[in-house]
Amino acid sequence: MFEWLDNPNECAKMGIDAQTLSILQRERERLARDVSTTTSPTPRGFTRAQAAIPSLPKVEVKAYEPEAHERQVERQIQRELSYCENCTGICPKPYSRYLFPKVSVEEGEKVIRGSWCKFGRQIRAEQRIRSSKIPDRYVGKSFGDYVTDNFNRTAVDFAKNVLKSRRGGYFYGECGTGKTFLASIVAQEFLRDGQSVVFVKVPNLLDDIRSTFNGQGRELQILDELKAATLVVLDDFGMEKPSQWAGATLCKILDMRYDTRSTTLITSNLSPRELANRLDNAPDGQNFNGSRIFDRLSEICKPILLKGTSRRN
Numbered sequence: 021m022f023e024w025l026d027n028p029n030e031c032a033k034m035g036i037d038a039q040t041l042s043i044l045q046r047e048r049e050r051l052a053r054d055v056s057t058t059t060s061p062t063p064r065g066f067t068r069a070q071a072a073i074p075s076l077p078k079v080e081v082k083a084y085e086p087e088a089h090e091r092q093v094e095r096q097i098q099r100e101l102s103y104c105e106n107c108t109g110i111c112p113k114p115y116s117r118y119l120f121p122k123v124s125v126e127e128g129e130k131v132i133r134g135s136w137c138k139f140g141r142q143i144r145a146e147q148r149i150r151s152s153k154i155p156d157r158y159v160g161k162s163f164g165d166y167v168t169d170n171f172n173r174t175a176v177d178f179a180k181n182v183l184k185s186r187r188g189g190y191f192y193g194e195c196g197t198g199k200t201f202l203a204s205i206v207a208q209e210f211l212r213d214g215q216s217v218v219f220v221k222v223p224n225l226l227d228d229i230r231s232t233f234n235g236q237g238r239e240l241q242i243l244d245e246l247k248a249a250t251l252v253v254l255d256d257f258g259m260e261k262p263s264q265w266a267g268a269t270l271c272k273i274l275d276m277r278y279d280t281r282s283t284t285l286i287t288s289n290l291s292p293r294e295l296a297n298r299l300d301n302a303p304d305g306q307n308f309n310g311s312r313i314f315d316r317l318s319e320i321c322k323p324i325l326l327k328g329t330s331r332r333n
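For this note's numbering, count along the sequence shown from 1 and bump the result up by 20.
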């Protein structure tokens with residue numbers, strides 16, 4: 021057994037030093053003694069060394085019992101519901117917080133699945149609002165904070181129905197008439213309803229896309245986000261510097277929103293016609309797709325004028 025331990029040259033080839041060799045030789049002698057003292061017969065197909073190894077204890081595997089599984093599911097449901105019955109908004113559960121338990125049947129078995137409770141939905145909506153690009157001054161605002169008068173009543177009535185109608189709007193008027201404020205409120209209504217929202221200022225959006233030309237951005241990802249969102253708010257439309265590229269990029273974005281039949285809100289100091297004229301009659305004599313943008317805006321957004329003086333003070 022392990023005859024190579026008696027061959028120093030063989031051990032040297034294997035990189036075994038003298039101390040390790042001594043340990044291995046003593047271990048071989050101990051193993052030989054254990055085998056020699058084994059009194060039980062050697063089972064066929066086993067060496068005496070294998071027969072000397074004690075067998076592992078048998079483990080009893082219980083068969084699957086559907087009734088026992090259903091009782092366990094019912095006990096877990098009752099335990100989960102006991103936490104929810106007296107909840108005041110701060111979830112007391114040690115795990116699966118803010119998830120309301122529901123039983124569903126999958127492949128013939130009852131399983132527990134959770135859905136966000138009303139408090140969980142509120143918390144998630146507030147988190148999405150805080151992480152969105154809605155201007156900080158308007159975060160947490162609602163229609164109750166918006167002063168309504170004869171100058172903006174049509175716009176407010178329209179905005180209150182956007183979540184239900186999913187119709188896009190083009191809010192335009194002088195600076196400070198509440199266009200961005202109103203669009204921010206609508207965006208938060210969508211977020212609280214669990215919808216996806218992208219809120220961007222158009223000049224900043226174009227800068228982000230333009231940065232991809234130097235390998236610094238993510239044009240496709242930006243456009244995919246604009247395409248997939250339930251609501252897109254394009255703030256300060258028309259404030260960007262006119263160029264052939266800017267006009268083509270804005271046309272591409274509006275075309276995507278039109279193709280997906282998704283809701284788009286736009287704010288601008290210019291009316292749709294003024295915006296088209298500005299792009300079609302640039303100072304350098306170039307045409308920047310103003311007419312095409314005007315046609316697309318007419319199809320996806322209802323133009324609404326907000327009148328009055330500045331409300332920012």
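Just so it is clear, CB atoms sit at the ideal spot from N, CA and C, and this is done for glycine as well.
- Sequence-distant residues of its chain with Cβ nearer than 6 Å to F66 (five each side left out): Residue confidence for F66 is low, a pLDDT of 48 falling below 50, so the modelled location carries little weight and cannot support an answer.
- Query: Which residue comes first and which comes last in the beta strand (DSSP E) that contains S288?
  - Reply: Per DSSP, S288 is one residue of the beta strand (DSSP E) stretching across T283 to S288.
- Task: Report the three-state DSSP secondary structure of I36 (helix, strand or coil).
- Result: It is coil, neither helix nor strand.
- May I ask you to check if the CB of T284 is nearer than 6 Å to at least one heavy atom of the ligand SAH? Of the ligands one can find in the structure shown there are none, so the ligand SAH has no counterpart to examine.
- Among F201, G164 and F210, which has the Cα closest to the Cα of V182? Here the closest residue by C-alpha is F210.
- Message: Please report the distance separating the alpha-carbon of L251 from that of L295.
- Response: A straight-line Cα-Cα distance of about 22 Å links L251 and L295.
- Message: Per the DSSP calculation, L326 is bridged to which residue(s)?
- Response: DSSP lists G193 as partners of L326.
- Query: Residue range of the alpha helix (DSSP H) that D255 falls in?
  - Reply: For D255, there is no enclosing alpha helix (DSSP H); the enclosing beta strand (DSSP E) covers residues L251 to D255.
- Assuming S318 contacts Y192 under a Cβ cut-off of 8 Å, what Cβ separation, rounded to an integer in Å, is found between them? 13 Å between Cβ atoms; not a contact.
- Message: Runs of 3 residues minimum, wholly inside the segment 156-227: which ones carry the beta strand (DSSP E) assignment?
- Response: Secondary structure in the segment 156-227: the beta strand (DSSP E) runs of 3 residues or longer, each lying completely within the stretch, are 188-193 and 217-221 in chain order.
- Item | E127 - DSSP class collapsed to helix/strand/coil | E127 falls in the coil class under three-state DSSP.
- Message: Tell me which residues share the same chain as D26 and place their Cβ nearer than 7 Å to its Cβ, disregarding the 5 neighbours each side in the sequence.
- Response: Contacts found: none.
- Tell me whether the beta-carbon of T284 lies closer than 7 Å to the beta-carbon of D255. D255 sits away from T284, with the two beta carbons spaced by 7 Å or more.
- Task: Mind reading off the beta-carbon distance from G160 to K322? Whole number of angstroms is fine, and I expect it under 8 Å.
- Result: Actually they do not touch by this definition, with Cβ atoms about 27 Å apart.
- Query: Which residues in the same chain have their Cβ closer than 6 Å to the Cβ of P232, if we skip the five residues on either side of it in sequence?
  - Reply: The residue you asked about is not Pro; residue 232 is Thr in the sequence shown. The residues are E239.
- For the alpha helix (DSSP H) holding R316, just list the boundary residues, first then last. Following the DSSP letters along the chain, one finds R316 inside the alpha helix (DSSP H) bounded by residues G310 to I320.
- Who pairs with K122 in a beta bridge, going by DSSP? Bridge partners of K122: R133.
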